[in-house]
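2 protein chains.
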Amino acid sequence: MNRQALEDVGISPAKARIVAKAVDLFYEKGFERTTVRDIAAATGILSGSLFHHFKNKQEILYTAMAMTTRGMGERAEAAVAGISDPVEQLKALIICELSSIHREDGHAAYVLVDEWRSLDEASREKVLALRDGSYEKCWMDALDGCAEKGLLKSPPKIARQLIRGALAWTRNWYRTDGDLTLAGLADEVTNSFLKI
Amino acid sequence: MNRQALEDVGISPAKARIVAKAVDLFYEKGFERTTVRDIAAATGILSGSLFHHFKNKQEILYTAMAMTTRGMGERAEAAVAGISDPVEQLKALIICELSSIHREDGHAAYVLVDEWRSLDEASREKVLALRDGSYEKCWMDALDGCAEKGLLKSPPKIARQLIRGALAWTRNWYRTDGDLTLAGLADEVTNSFLKI
DNA sequence: ATTTGACAACCAAGCGCTTGCTTGTTTTTA
DNA sequence: TAAAAACAAGCAAGCGCTTGGTTGTCAAAT
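Top to bottom, those sequences are chains V and F. Heads up: the first sequence runs through residues 1 to 196, numbered per my numbering. Heads up: the second sequence runs through residues 197 to 392, numbered per my numbering.
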């Protein structure tokens, strides 16, 4: 998301800078172990000044999750745009999700899967609604397409969850600088869940 | 693990009772959001009394992880005992892991995948060593066996990680009281990663 | 061209509360 | 009757957050 797009949804450059630093800390230590003083120090301001931008600590997490969700939705839509074959759509989405997790600034994607518990019910539902409207819709369209052609091993909804789990867990073992390329890893996953 | 087995590794009945309650709370709220007062209240004692049994809060988490790891190792070994076909071994291990996550008292298995960050480096390595010695050995033996027969789609180590991710994530969507049985879910996973 | 005023961003200080943990004593258990 | 387990009380540190004031910026008013 570029600066203008961010401001359109009410996120000033200052907010974006704080959130970026916060995400790195959440990635390292988790939301609970990260203090507002940590976030402020990383941003180069004092802790109290954070509350000029956010009404409380949790709103920082919510903003991070909402921004990330929006960004991933946009990238997913771009990834499948112009592709009509559902199998190719699926491959593109797998690569897209893996990229989100393993890119340099990909800490945000992890925060999205690991810090739900720290979010209150209302915020949680807002983020979920955002996700289902764009990102998950792309996935389900592709998977339904594969299923219609009889190429999917499991029912689409189950397949989606199994794939999501397999991909999310890569954070704990896969390194981009190892022998296995990201495209290679994507192939392993694709081959597992399709009849080929 | 029965009572005698626990005491053999230095875990008194009182300790085991505290850990069991603690695990339930960690499952609900996470380690950081669970206070020693919460744990004590759930056990029916005052917070200070906890420190008669454990030298600090983190030792409670470590004990929970060590106990769980040991228990899962024993169950995995029992699951593959007497089975020589590696494919059947793999199926048994998948059901075993799913059961650990979704059984009534299965909260412990979750703590094992979600609370690593709260453990200090030394304890982390101890638990990992414990796991690799029994539980993971069962898995790798089965997967290597499948691979030798040419039945495995991915290299064993990659397959193990993909399967682990897919299984761990079931905690976030699969319900034992739904339409899909645990055996049915295990079949979906098995079919995905084997050439059949 | 200068002054004024409104505003956002931030600082400095610290409040009220919760946290993990300690200590000294009493009760329970074997 | 001695050891183990629990209580009662509270400490020091750290937490999220509030408050009141200072600075820099920029547009409207003079």
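Positions of the beta carbon are idealized from the N, C-alpha and C atoms, including for glycine. The model shown is predicted, which means the values in this text are computed figures rather than measured ones.
Option in the options with minimal Cα separation from residue i
i: V:THR170; options: V:GLU97, V:SER134 and V:VAL19; result: V:GLU97
i: V:HIS79; options: V:LEU130, V:ARG70, V:LYS91 and V:THR68; result: For clarity, residue 79 of chain V is Ala in the given sequence; the question names His instead. Comparing Cα-Cα distances from V:ALA79 to each of V:LEU130, V:ARG70, V:LYS91 and V:THR68, the minimum goes to V:LYS91.
i: F:ALA272; options: F:ILE290, F:LYS349, F:TYR258 and F:ASN368; result: F:ILE290
i: V:LEU185; options: F:ASP373, F:LEU378, F:GLN357 and F:THR372; result: F:GLN357
i: V:ASN56; options: V:MET67, V:GLY82, V:ILE39 and V:MET72; result: V:ILE39
i: V:LYS149; options: V:LEU128, V:GLU88, V:GLY133 and V:SER123; result: V:GLU88
i: F:LYS349; options: F:TRP369, F:ILE392, F:GLU255 and F:ALA338; result: F:ILE392
i: F:ASP301; options: F:THR386, F:GLY206 and F:LEU221; result: F:LEU221
i: F:CYS334; options: F:SER280, F:ASN368, F:TRP369 and F:TYR370; result: F:SER280
i: V:ALA81; options: V:LEU180, V:ASP141, V:ASP179 and V:GLY178; result: V:ASP141
i: F:THR386; options: F:CYS342, F:GLY206, F:ASP375 and F:ILE241; result: F:CYS342
i: V:GLY10; options: V:THR34, V:GLU59, V:LYS29 and V:ARG33; result: V:GLU59
Sequence-distant residues of its chain with Cβ nearer than 7 Å to residue i (five each side left out)
i: V:THR43; result: ARG17, ILE18 and LYS21
Contact under 7 Å by Cβ, residue i with residue j
i: F:GLU384; j: V:ILE158; result: yes
i: V:ALA64; j: V:VAL23; result: yes
i: F:TYR223; j: F:TYR331; result: no
i: F:LEU393; j: F:SER296; result: This structure cannot settle anything about residue 393 of chain F, because the visible part of chain F is limited to 197 through 392.
i: F:THR265; j: F:ARG327; result: yes
i: V:VAL36; j: V:SER47; result: yes
i: V:GLU115; j: V:PHE31; result: yes
i: V:LEU194; j: V:LEU167; result: no
i: F:HIS298; j: F:THR372; result: yes
i: V:SER206; j: F:SER388; result: Residue 206 of chain V lies beyond the residue range present for chain V, which begins at 1 and ends at 196; the question has no answer from this structure.
i: F:HIS248; j: F:LYS211; result: no
i: F:ALA262; j: F:VAL323; result: yes
Close Cβ partners of residue i (< 8 Å) along its chain, the five nearest in sequence each way excluded
i: V:ASP144; result: PRO86 and PRO156
i: F:ARG379; result: Sequence check: residue 379 of chain F is Ala here, not Arg. ILE291.
i: F:ARG320; result: TRP312
i: V:GLY133; result: GLY73
i: V:GLY178; result: none
i: V:ALA129; result: none
Counterpart residues of residue i in DSSP-defined beta bridges
i: F:LEU348; result: F:LEU390
Proximity test, residue i beta-carbon vs the ligand HEM heavy atom, cut-off 6 Å
i: V:HIS53; result: Ligands in the displayed structure: none, and consequently the ligand HEM is not present.
Legend entry - chain F contacts from the segment 20 to 54 of chain V (Cβ-Cβ distance under 9 Å): GLU28, LYS29, GLY30, PHE31, GLU32 and ARG33
Inset, instruction - Could you please tell me which residues of the segment 134 to 160 of chain V, in chain order, have their CB closer than 7 Å to any CB of chain F? - result: LYS153, SER154 and ILE158
Legend entry - Positions along the segment 160 to 171 of chain V whose CB lies within less than 8 Å of some CB in chain F: GLN161, LEU162, ILE163, ARG164, GLY165, ALA166, LEU167, ALA168, TRP169 and THR170
Legend entry - Contact list for the segment 295 to 307 of chain F against chain V, Cβ threshold 9 Å: Here the close residues number zero.
Inset, instruction - Would you list, in chain order, the members of the segment 368 to 392 of chain F that have their beta-carbon closer than 9 Å to a beta-carbon of chain V? - result: ASN368, TRP369, TYR370, LEU376, LEU381, GLU384, VAL385, ASN387, SER388 and PHE389
Inset, instruction - Anything in the segment 309 to 322 of chain F with a Cβ closer than 7 Å to a Cβ of chain V? List those residues in chain order, please. - result: The residues in question are ARG313.
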